[in-house]
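Asker: Using this note's numbering, the first residue of the sequence shown is number 6, and each one after it goes up by one.
Yeah, the Cβ is synthetic: ideal placement off N, Cα and C, and Gly gets one too.
These figures come from a predicted structure and were not determined experimentally.
This structure is in structure tokens; I'll ask about it shortly.
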Amino acid sequence: MDSTKVNLKSLHYYDELFICAYCAYCVNNEASCPTYHSVLHEIVTGRGKIITARNLSQGLINHEEGLDALRDGLFLCTFCGACQENCIVDIPLTKVYSELKTLVQDRLPKTTKRVFENLEKEHNLYGLDQVDRDSWSYEIEDQYNEWVNLQHETGFFLGCVYSYSGRAGQGPVAVLKLAKEAKEKISIFSPSEYCCGNPYLLGGQKAKAKEFASHNVSEIQKLGIKNLIIACAGCYRVFTKEYPLLLEKELPFRVISHMEYLNNLIKDKKIFLMNKSPLKVTYKDPCELGRHCGVYDVARDLLSVLPGVDNQEMANHKDKALCCGSGGLIKANHPEIANEIADRLISQMKELEVDLCVNACPSCLLNIDENLKSGKSKIKSIDIAELVLNRTNES
Ligand code: SF4
Ligand code: SF4
């Protein structure tokens, strides 16, 4: 047996590996580990990954097989944060996973390698032509042309998923239509945007993520933006939690979610809401906005002021919300597991008999949409901005 010890001492959070109590609260809790419930294999859980890393560091398991198993556990994880939220000794598990990923760079899953190649070539997740980064905006072409690269205090960072994935682009379109109705302007710097860097972070490549962070921050500064609107939960987490660490400084602008921006427009009476046909909806807390950033109430506040909209909470919500299955590159690496995870979430929506699943993350929106459609459900998956627009004159 090749039991070479793997030296983990240089990793941040090395000590945390040795405070695990093996209690399994990271697996057995209300939000539960979504991939564990699909694959029923402990390597995917917080406890499983920690035990494997410890055994590798002590030479107790085969070096090659152990690293392969650790890689599988790390890349089957949706990064939902349910384990971290429930860890009995407060191990920052998602940070530990990011560090452990640096150990398996020589054996990355094929799809993850392809994502890295896409980022290198075109600076977006999909490897699509960077000049098509504006494809989300065709419906509002004139407004886009007027607002693109505007020197302005308020800006909008789209991110790859909203920019390129068609259906999800309706969210930012709704935000811009509402801003126009409110007689506001927003600077769009879509053509010079790079991916926020989340896939690099999820794949264990911090240095590349830092390069992308520096580019984006410098482009935002060139336009004089002081308030940056972000509608994607992943980009929001990366800008607010990761950029200050990567760049070792506070950001020179404020980041707000599109929900906060829309809430302010309503409070300031800049947009006017109308009562239309009643709708029963449920809000899906995105893991990267909820558990990772603690943003829960702004969505509920916004939904509560929309006339005729009745927001019903799923059995699991806020810090106990179920994952949609699209995070952590798992949709790219293991789509069948991502779909199974979405199905468990959808069953909670069905119990409520809602008309709509309301999202604040394009990845959640798309994975839920795909699985609602394949299950022939009548529930529709939409962005919260689309629902706000639906309650105005402009829809
Ligand atoms: S982040 Fe989510 S999927 Fe990953 S180990 Fe923790 S609970 Fe499981
Ligand atoms: S909850 Fe924390 S301490 Fe308990 S097994 Fe999981 S990682 Fe270890």
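Buried or exposed for Met264, going by 16 or more other Cβ atoms inside 10 Å?
Answerer: By the neighbour-count rule (16 or more Cβ atoms within 10 Å), Met264 is buried.
Asker: Compute the Euclidean distance between the alpha carbons of Cys362 and Val44, then round it to the nearest angstrom.
Answerer: Whole-angstrom Cα-Cα distance: 26 Å.
Asker: Compare the C-alpha of Leu278 against each of Val310, Asp360 and Leu252 and name the closest.
Answerer: The shortest Cα separation from Leu278 among Val310, Asp360 and Leu252 belongs to Val310.
Asker: Consider the C-beta atom of Pro340 and the heavy atoms of ligand 1; say whether any pair is separated by less than 8 Å.
Answerer: Incorrect: Pro340 has no Cβ contact closer than 8 Å to ligand 1.
Asker: Compare the Cα-Cα distances from Ser386 to each of Asp324, Asn268 and Gly174 and report the closest residue.
Answerer: Considering only alpha carbons, the answer is Gly174.
Asker: Find the nearest neighbour of Pro405 within the set Ser219, Asp360 and Ser331, judged by alpha-carbon distance.
Answerer: Outside the displayed range of the chain (6 to 400) lies residue 405, so it cannot be described from this structure.
Asker: Residues in the same chain with beta-carbon distance under 8 Å from Gly71, minus the five sequence neighbours each way, listed in chain order, please.
Answerer: The answer, listed in chain order, is Val11, Thr57, Asn60 and Leu61.
Asker: Which residue marks the beginning of the alpha helix (DSSP H) containing Gly208, and which one marks its end?
Answerer: From DSSP, Gly208 is part of no alpha helix (DSSP H); its letter is neither H nor E.
Asker: Within the chosen definition, does the stretch 79-86 reach the stretch 31-51 through at least 3 CB pairs nearer than 8 Å?
Answerer: The stretch 79-86 vs the stretch 31-51: in contact.
Asker: Just checking Leu98 against ligand 2 - is the residue's beta carbon closer than 8 Å to any of the ligand's heavy atoms?
Answerer: For ligand 2, at least one heavy atom lies less than 8 Å from the Cβ of Leu98.
Asker: Using only the heavy atoms of ligand 2, determine whether one of them is closer than 8 Å to the beta carbon of Asn344.
Answerer: No, the Cβ of Asn344 stays beyond 8 Å of every heavy atom of ligand 2.
Asker: Is Arg259 helix, strand or coil by DSSP?
Answerer: In the structure shown, Arg259 sits in a strand (DSSP, three-state: E or B).
Asker: Do you know offhand how far Leu251's Cα is from Glu104's?
Answerer: C-alpha separation (whole angstroms): 14 Å.
Asker: Please indicate yes or no: does the CB of Tyr266 lie closer than 8 Å to some heavy atom of ligand 2?
Answerer: No.
Asker: Closer than 8 Å: is that where the CB of Phe84 sits relative to any heavy atom of ligand 1?
Answerer: It does: the Cβ of Phe84 is within 8 Å (strictly closer) of some heavy atom of ligand 1.
Asker: To which residues of the same chain is His220 closer than 6 Å at the C-beta, ignoring the five residues directly before and after it?
Answerer: Around His220: Tyr199.
Asker: Candidates Pro291, Ile234 and Leu124: which alpha carbon is nearest Cys366's?
Answerer: Comparing Cα positions, the closest option is Pro291.
Asker: Inspect the beta-carbon positions of Tyr167 and Asn129 and report whether they are closer than 9 Å.
Answerer: No, these two residues do not count as a Cβ contact at 9 Å.
Asker: Have a look at the DSSP bridge pairing and note the partners of Tyr27.
Answerer: Beta-bridge pairing links Tyr27 to no other residue.
Asker: Please report how far the alpha carbon of Asn280 lies from the alpha carbon of Tyr288, in whole angstroms.
Answerer: If you take the alpha carbons of Asn280 and Tyr288, they lie about 20 Å apart.
Asker: Rounded to whole angstroms, what is the Cα-Cα separation between Val314 and Ala87?
Answerer: The straight-line gap from Cα to Cα measures roughly 29 Å.
Asker: Is Cys240 helix, strand or coil when you go by DSSP?
Answerer: If DSSP states are grouped into helix, strand and coil, Cys240 belongs with the helices.
Asker: What is the rounded straight-line gap between the Cα of Ala354 and the Cα of Met319?
Answerer: The question names Ala, but residue 354 in the sequence shown is Met. Answer to the nearest angstrom: the Cα atoms are 6 Å apart.
Asker: Please list the terminal residues of the continuous alpha helix (DSSP H) segment that includes Asn150.
Answerer: Glu146 to Trp152 is the extent of the alpha helix (DSSP H) around Asn150.
Asker: Confirm the yes/no value for this check: CB of Arg59, any heavy atom of ligand 2, distance under 8 Å.
Answerer: Arg59: no, Cβ never under 8 Å from ligand 2.
Asker: Does the beta-carbon distance from Ala214 to Gly164 come in below 9 Å?
Answerer: Taking 9 Å as the Cβ cut-off, Ala214 and Gly164 do not qualify as a contacting pair.
Asker: Pairing CB atoms from the stretch 134-152 with CB atoms from the stretch 226-241, are three or more of them under 8 Å?
Answerer: Touching, no, given that fewer than three Cβ pairs across the two stretches are closer than 8 Å.
Asker: So, at 6 Å on beta carbons, what are the nonlocal neighbours of Leu65 in its own chain, with the 5 sequence-adjacent residues on each side left out?
Answerer: Contacts found: none.
Asker: Count Cβ pairs between the stretch 175-184 and the stretch 243-250 that sit closer than 8 Å; are there 3 or more?
Answerer: Counting Cβ pairs under 8 Å, fewer than three are found: no touch.
Asker: Of the choices Lys190, Glu253 and Leu207, whose alpha-carbon is the least far from that of Gln110?
Answerer: The residue with the shortest Cα to Cα distance from Gln110 is Leu207.
Asker: The alpha helix (DSSP H) with Lys118 in it runs from where to where?
Answerer: Note, Lys118: alpha helix (DSSP H), Lys115 to Glu127.
Asker: List the DSSP bridge partners of Leu361.
Answerer: DSSP, once it has assigned bridges, lists Val286 and Lys385 as partnering Leu361.
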